[in-house]
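Student: All residue numbers for the sequence shown refer to my numbering, where the first residue is 23 and numbers rise by one.
Using N, Cα and C, we set each Cβ at its ideal position, and we do this for glycine too.
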Amino acid sequence: MAGGAKRTSVALGVLALVFVVIIIILCLVPRPCTGPDCKVSSVGAQEHAGSPLSSTTLSSTTKESTTSPSTTKAATQAPSTTEKSTVLSSTDISTTEVPLATLQSSTVVSSTTASSTVEGSTNVSDEDSTTLLSTTSEGTTAFSSSTEWSHTAPSTEEGTTSSSTEEAPITENQFSSVQSTVEATNTTTSYDESSTTLSTLSSTSDESTTLSPSTEGSTVSTVDEEWTSTSDASDESTLSSSTTLSLTTTPDTTTYLTTTEQPTVSSTTEYSTSEFTTDSSTTDGSTTVDTETVIFVGDECNTTTCKEIAARMLYKMDHGDVTPCEDFYQYSCGGVIDDPFLDPENQQLLTENFIKEKLMRVSRDDPEFGPLRVFYDSCINYIKNNSETYRLQQAKNVFSSVGYEHLEENLSDFNSVKLTQLLAKMMKMHFTPLFDLLLDVDTKDPSKFVFKLTPPLFTSPFSDDLAKAVCLKHHKQRLEEAKINNLTVDINKEYDTYNDCMLHGSGYKARMERMVDAVKDMKLMGHIKNETALEARLTAIKINCDIFIESLVEFFPKVPDLRMINLQKQFDEFTLQDLDEDRVFTSPIIEWKILLEELLGKAVDPSSTVQVYFKDELNEILTEIETEFFANATNLQTTLLFMWSERIYTDLVKPVGAALSSPKYCYRVTNSLMEDFISYLYLDNLPDLPGKQEQIENMIKLQKIVATMELRRTFVHQPDNAFIKKLQMMSGEVAELDDIKKATQKNMVGITLNDNFILNTKTLLKRYRSLIYSMYEKLPGNPQVMWNQFLLPYSPYGMSLYTLNKFLIPYAALEVPLFYHDAPSYINYAGIGHMIAHEIAHGFDGTGIFYGGKEKLKTVMDGAHKYVSATEVLQEQLQYPHTFNSSTGLRSTFRLNSRLTLNEAMADSAAYRLAWESYLANIMSSITTTQAPEPKFGGRGMDSHRRRSVNRYLSGNPSATRLKRETSSPYLPPLFSPEQRLPWLDLNPSQLYYLRTVQNQCSGSSDVDMLTLMENEHLPPRLRVNIVLRNDPLFAKAFNCQDGSKMKLPMQHPFVLG
């Protein structure tokens, strides 16, 4: 008994001591607020509509007070008062404030350690697969607010697809080459998200399934009209999630907030889990986070740069009622559309202004850049220093550079050789009236160039096209009349009217009148002294030329086809001997070997390869020339000279688009004819050029690593797949200052410029063409060649070179607004990061899949069938009829040329995902020095020990069931980012990433640009943004776009690498 009593006494003593310790701890730990005024952000409660997010302070000693800037477009100033705080906000979507007490559970625990580590894992299961049956029928999708887009989807048959989504953060061990050490402490962050299948098609069979957006069923009302969608699945299921959130309040104290919620999700959503876990030598812990309820923790970035970016983003945004899920382009860019006082950021214009400023500071005596200033000054002073009579005589001197002083000269001996020599001389002066001969990379041997024969591609470096200017003026007049009379404009019919104007109408007639003026003013028929006889002869020449040109222009391909065929590299391949021996064209009127030797200035091997574009059309053109030649050779010569006179007169006497000797005209001419000098001037004045080059190269390297991971998700059981091999061989290139300098110095050898603008022009025109042909015997992959032949370092866009398996990123991309030196990384990945991702994706677009990395293939790359479904659905959506109501009152309808725009739409779609995943890899490598496991496949609620890494499956032989599950599970990367948000914008990093990417494409006008729609491979900004993002489940998740939202198609088919 005594022993028992003693033990009882000891136990009570221990319990008393423990109780005292607990009381002390409770006194020391900050107590959470539980009053009715205490609120916490609850995500998933409502769709983000651009409304302010709630903020929650979890510190009893610090409090934040913020005065928001004005929500008008001009809001650019910082809040007037701020106090330090710790802010709690959502990563995924906007928030609704709910009392903390309403959460099912909440726990606050304090730990004091020198460094803190948060580890997270989520285990959520849904073993049953979900089948979504979609029936599509005729309907209309509209984007509407102050402006409105809509498209009509054609009826399709029923389709069935099984979909599931697995989501996991990027693994650290894939990015060891870019990891960095965090000073003072090793902080490892783990984050885990479950994912949502957003009606995404996946299949492991070789056959592809094409699905169209469903447009029948539930109705969602909008400002102007409604959009309908149908989903047969209507059941709802609940998903329980537990969230443990870490918030650092002091350097040595970490506070954890645990919440449990049960959001309701559609049964068409299948959840799977994956982990991102890092080990720490200092602290063990775990954080369970669900993607639908994750709360972003971090302060706002209040640096000057962040405030400037936020101000720019604010003034671009639409501050009306439009929401991201209704019309994301309008939401992002509505502030600058049709506003006369606010302009969108224009990278090309910013670069031009930079170059102009540096050009004005160049001395004429500068040994390196002096020729630039000499030529520019000679242009500026041309009118001031010379009379009109003298200028006309100078223009005539340029006309005579092709070997003829007058329009009708040496008519008796005009033969096929003379015709060939005349065309060669015109080409040397950058005038290609019938066809053009250029250089391109040999598709069989990328180490050399071959000749490229095509209908004319180049425009004048001096002036806009006269006929085009006239016809566009009439087009705009018709649009204004339609606005006044409240008529709907069919853009496709308008384009046909415009083309008819160019070929046969007032535009063509304006050119004919300009030819007559040129002959008169430059006195090109000086041998006829009698005025009456001169008029009679000119009338006869005009009639003959009119008849010949009218018959000829019918065979020239239209601009959209010309661009598409050249971009997609659809050509027939022959030898030079084939052309001369009439095995290609039925007409022997051109001496091809003589022509090429005239252009190159050296002998050409008859076995040389020639890529022939539009072979049938060129054959018709040459046949017409031959017919005219044998019918009236003198008339053919006169017609060619007549056309040449119009070009000279428009360029050097009465230019279109800018007045002669104006700064705009002179800069255009200088920039066009001295591109190498401008490149050198631009690069030489950029600060920290080596640093910029290193930044681009590092970003390229990282994106290639991430793209490889994406492809491995698609080809998980094929480590040697052709796509992966091609990506490994692919390289991104930036210009080297020394290369540009050496090339420029070499290009100016023997070239002398003075104050005579016309003599300078003749010299530089010949130099321009000679530089093109001088590349023939050089290596296409040589940096000096690439940055001269394919792209300029100051271009505002990148370029993909299919045959070389390279892409070029210009230095202009590392300038504002595409790159900031001290801004959150997601801003730069929305700029230059998106450009790099876009060019990488081009390697796998509809043209890229015909190039294996070393040469052009006879068929598509092995594995291309996996992308057929997404590609076909995207092309089908591009073909839908569209309707647009501009804010200026114009209603228009149109159909796009999907074949021309498809490759760019595919690259855009892949770039959003690739750039974001690359950003996650970059930011994770910046905050941890330890490595995490491989991404985990299969999943769907399985225990972590049952999952396998990529490498395990690459080396093993998984079962057919497991393999099917892996290859058919679409992947969504996480949306969480630990980076700071921008001030005043109540958006998390993932939302800011999408917003900034789109704002880099903002246009200042809401009117439909006919030529952009019909002739450009890039869609107009509104369509380019909304068509792609409606198919992006990651975007829909970032902004919590619900089923039925205009920016979330019932069946989403993004083109992503994996």
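Using a threshold of 8 Å, state whether the C-beta atoms of M1032 and H497 are closer than that.
Tutor: Cβ atoms of M1032 and H497: closer than 8 Å.
Student: Taking only the alpha-carbon atoms, compute the straight-line gap between L461 and F391 and give it to the nearest angstrom.
Tutor: 28 Å
Student: Unbroken beta strand (DSSP E) runs of length 3 or more, entirely within the region 737-779: which are they?
Tutor: 753-755
Student: Would you call the region 654-668 and the region 396-413 in contact, with 3 or more CB pairs under 8 Å?
Tutor: Between the region 654-668 and the region 396-413, the count of Cβ pairs shorter than 8 Å is below three; the stretches do not touch.
Student: Would you check if the distance between the CB atom of G868 and the CB atom of L823 is smaller than 8 Å?
Tutor: Cβ atoms of G868 and L823: not closer than 8 Å.
Student: Going by Cα to Cα distance, which pick from D543, P478 and N552 is closest to P579?
Tutor: P478
Student: Residues in the same chain with beta-carbon distance under 6 Å from K686, minus the five sequence neighbours each way, listed in chain order, please.
Tutor: A680
Student: Keeping to the same chain, check which residues put their C-beta closer than 6 Å to that of Y404; ignore five residues upstream and five downstream.
Tutor: Contacts found: S683 and F779.
Student: For a test of your reading of the model: does the CB of Q443 fall under 7 Å from any non-hydrogen atom of the ligand COA? Yes or no.
Tutor: The ligand COA is absent from the structure shown, which contains no ligand whatsoever.
Student: Quick one: any contact between the region 479-499 and the region 844-857, if contact means 3 or more CB pairs under 8 Å?
Tutor: no
Student: Sort I746, G529, D742 and D487 by Cα distance to D733 and report the nearest one.
Tutor: The identity of residue 733 in the sequence shown is Leu, whereas the question assumes Asp. Looking at the Cα atoms, I746 is the closest of the given residues.
Student: Just how far apart, CA to CA, sit T193 and L584?
Tutor: The pLDDT assigned to T193 is 39, lower than 50, so where the model puts this residue is not dependable, and the model offers no usable value.
Student: Quick one: residues in its chain with C-beta nearer than 6 Å to the C-beta of L627, no 5 flanking neighbours on either side, listed in chain order?
Tutor: Checking the displayed sequence, the identity of residue 627 turns out to be Asp instead of Leu. So the list is empty, once near-sequence residues are dropped.
Student: From the DSSP output, which residues share a beta bridge with L475?
Tutor: L459 and V634
Student: Would DSSP call R913 helix, strand or coil?
Tutor: strand
Student: To the nearest angstrom, how far is it from the Cα of D365 to the Cα of Q443?
Tutor: 49 Å
Student: Per DSSP, E595 forms a beta bridge with which residues?
Tutor: Q633
Student: Which whole runs of the beta strand (DSSP E) in the region 648-695 are 3 residues long or more, in chain order?
Tutor: Qualifying beta strand (DSSP E) stretches: none in this window.
Student: Taking contact to mean at least 3 C-beta pairs separated by less than 8 Å, is the region 445-456 in contact with the region 780-788?
Tutor: At 8 Å Cβ cutoff, the stretches touch.
Student: Who are R1003's beta bridge partners in DSSP?
Tutor: The partner list for R1003 (beta bridge, DSSP) reads E322.
Student: In the DSSP assignment, find the beta strand (DSSP E) that holds S822 and state where it starts and stops.
Tutor: M821 to L823
Student: Can you tell me whether V344 is helix, strand or coil according to DSSP?
Tutor: coil
Student: Roughly how many whole angstroms lie between the Cα atoms of E939 and P996?
Tutor: 8 Å
Student: Hey, how far is the Cα of S294 from the Cα of F457?
Tutor: Note that S294 scores 33 on pLDDT, short of 50, meaning its location in the model is unreliable and no value can be drawn from it.
Student: I need the straight-line Cα distance from A540 to T373, nearest angstrom please.
Tutor: 36 Å
Student: One question on the structure: do R1018 and P1011 come within less than 8 Å of each other, judged by their Cβ atoms?
Tutor: Their beta carbons are not under 8 Å apart, which means R1018 does not touch P1011 by this criterion.
Student: Based on Cα-Cα distance, which residue from R690, L994, C1024 and M1069 lies nearest to K378?
Tutor: R690
Student: Distance check for P468 and N437, CA to CA, integer angstroms please.
Tutor: 38 Å
Student: Quick check on N720: buried or exposed, where buried means 16 or more other Cβ atoms within 10 Å of its Cβ?
Tutor: exposed
Student: Would you be able to state if there are at least three C-beta pairs under 8 Å between the region 628-638 and the region 803-817?
Tutor: no
Student: Select from T783, D742, R533 and A446 the residue whose C-alpha is nearest the C-alpha of D486.
Tutor: R533
Student: Alpha carbon to alpha carbon, what distance is there between S947 and L826?
Tutor: Rounded to whole angstroms, L826 to S947 spans 31 Å at the Cα level.
Student: Distance check for L936 and Y530, CA to CA, integer angstroms please.
Tutor: 47 Å
Student: From N907 to S914, what distance separates their C-alpha atoms?
Tutor: Rounded to the nearest angstrom, the two C-alpha atoms are 7 Å apart.
Student: CB-CB under 8 Å to R669, same chain, minus the five flanking residues each way: which ones, in chain order?
Tutor: F453 and S482
Student: With a threshold of 16 other CB atoms inside 10 Å of the CB of D698, please say whether the residue is buried or exposed.
Tutor: The residue is buried, with at least 16 neighbouring Cβ atoms inside 10 Å.
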